[in-house]
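One structure is given here, and the rest of the page talks about it.
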Amino acid sequence: MQPKVLLVDDDPGIIQLVQRYFDLMLATYGLLTADSGGAAIAQLQNDPDLILLDVNLPDTDGFALTSRIRAVTSVPIIFLTARVTDADKVRGLGAGGDDYVTKPFSLAELGARIQAHLRRASAPKKRAQIAAFGDLIINYSAQQVTVAAQPLALEKKQYDLVAFLSLNPGQVFSREQIYEKLWGFDAVGDDRVITEHIRRIRQTFAQAGAQCPIDTVWGVGYRWQN
53 MQPKVLLVDD
63 DPGIIQLVQR
73 YFDLMLATYG
83 LLTADSGGAA
93 IAQLQNDPDL
103 ILLDVNLPDT
113 DGFALTSRIR
123 AVTSVPIIFL
133 TARVTDADKV
143 RGLGAGGDDY
153 VTKPFSLAEL
163 GARIQAHLRR
173 ASAPKKRAQI
183 AAFGDLIINY
193 SAQQVTVAAQ
203 PLALEKKQYD
213 LVAFLSLNPG
223 QVFSREQIYE
233 KLWGFDAVGD
243 DRVITEHIRR
253 IRQTFAQAGA
263 QCPIDTVWGV
273 GYRWQN
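Using my numbering, the letters of the sequence shown map in sequence onto residues 53 to 278.
In structure tokens, the structure reads:
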């Protein structure tokens, strides 16, 4: 089946440029387009495999739109933006984004990132199906974490972080190692986003009345307590 990429951008020039690039260099991919947040949500019914998302849209903020998208799908999201501050990177990745491409961008780089994310998203995963840690149950096939039978509202990357650490209990990983594992070696971003994700994970566990098993090893990194 032909992979589909959804481009969300209100600049007709960007849309035409990317469309021509797909026609010439990524002809095996289908390109869907949307020029607003509302149109992007409507395009989700076409099941895109990856989303290219402009941060500045006429009817919504791209980061807020990411949260709405994440309620529907976990496909990779690559931000297209002129914003390059650390605060914006943390906010975007924390909202559920996977990567950044800064405008103006190289089409060759954009194509390489699209292909890399689609390869990772489609790679088979060999792992346990369910793990139990007392009242905490992780269903890896359903990508769901429950405490006392109540599902936790974890964002995609937060679930990925919980899954990765829980599959390697007792092993300490640095922020850099976790970032490379979850975002890939070629990702653009800042490993400090790991600290923010873990803070939010712990907050979610606390709201559920449970102790988060992710332990901080000061000066080293994080580990999953058995």
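Even for Gly, the Cβ is constructed at its ideal location relative to N, Cα and C.
Does any heavy atom of the ligand SAM sit closer than 7 angstroms to the C-beta of residue i?
i: L234; result: Annotation note on the ligand SAM: not contained in the displayed structure, which lists no ligands.
Terminal residues of the continuous beta strand (DSSP E) containing residue i?
i: R275; result: G273 to W276
Which residues does DSSP list as the beta-bridge partners of residue i?
i: P100; result: Note: P100 sits in no beta bridge, so no partner.
i: F115; result: In the DSSP output, where bridge partners are listed per residue, F115 has none listed.
i: I129; result: I103
i: G82; result: K56
i: V269; result: G273
i: V153; result: L132
i: I182; result: N191
i: F225; result: Y274
If I follow the unbroken alpha helix (DSSP H) through residue i, where does it start and stop?
i: Y211; result: K208 to S218
i: A160; result: L159 to S174
i: A262; result: First-last for A262: undefined, no H or E at that position.
i: A92; result: G89 to Q95
Using C-beta distances below 8 angstroms, list every residue in its chain close to residue i, excluding the 5 sequence neighbours before and after it, in chain order.
i: A183; result: I189, I190, Y192, S218 and L219
i: D111; result: S88, G89 and G90
i: Y81; result: Q54, P55, K56, V57, F74 and I166
i: I253; result: L206, Q210, L213, V214, C264 and I266
i: Q68; result: none
i: L159; result: L69, V70, Y73 and M77
Tell me which same chain residues have a C-beta within less than 7 angstroms of the C-beta of residue i, skipping the five on either side of it?
i: P221; result: W276 and N278
i: D150; result: P128, I129, I130, H169 and W235
i: K208; result: R122, S126 and G148
i: I93; result: R120
i: Q223; result: R275
i: F185; result: P265
i: A200; result: D187
i: A260; result: V199, Q202 and L204
What did DSSP end up calling residue i once you bin it into helix, strand or coil?
i: P64; result: helix
i: A313; result: The requested residue 313 is not part of the displayed model; the chain covers only 53 to 278.
i: T247; result: helix
i: A205; result: coil
i: D187; result: coil
i: V142; result: helix
i: V240; result: Below a pLDDT of 50, predicted positions are generally treated as unreliable, and V240, at 49, falls in that range; no measurement from the model is reported.
Skipping 5 residues on each side, what residues in its chain have a beta carbon closer than 6 angstroms to that of residue i?
i: D212; result: L234
i: V70; result: L59
i: L105; result: V60, G114, I129 and F131
i: G144; result: F115 and F131
i: L117; result: G89
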